[in-house]
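Everything on this sheet refers to the single structure shown next.
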Amino acid sequence: MKESDLPLKLAKPARRALDGAGYMRLEQVAAKSEAELLQLHGMGPKAIGQLREALDEKGLSFAKSNAVHKN
Numbered sequence: 004m005k006e007s008d009l010p011l012k013l014a015k016p017a018r019r020a021l022d023g024a025g026y027m028r029l030e031q032v033a034a035k036s037e038a039e040l041l042q043l044h045g046m047g048p049k050a051i052g053q054l055r056e057a058l059d060e061k062g063l064s065f066a067k068s069n070a071v072h073k074n
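Be aware that the sequence shown starts at 4, since it is given in the numbering used here, and climbs by one per residue.
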């Protein structure tokens, strides 16, 4: 298995949340939307911003949310 390429500056709670969900690589994170990742315990807006920056550096981005918004 490849080693993690998640940002080193990512806070421990966010890193544990991703690890617990089985995400070790940015490519795996890119397959999820920001909304999906924010549902993980320990994942917050700061971590999402750090991940967005790391994804952007690799030419990747979060998946688009398929959520249907109800009024």
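Where a beta carbon is used, it is the ideal one built from N, C-alpha and C, also for glycine.
- For Asp22, the uninterrupted alpha helix (DSSP H) run begins and ends at Lys15 to Gly23, by DSSP.
- In the three-state scheme derived from DSSP, where H, G and I count as helix and E and B as strand, Leu29 is classed as helix.
- A distance of 9 angstroms or more separates the beta carbons of Ala66 and Met46.
- Between Leu29 and Ala57, the C-beta gap is smaller than 9 angstroms, which places the two residues in contact.
- Residue state for Pro10 is assigned as coil, using DSSP reduced to three classes.
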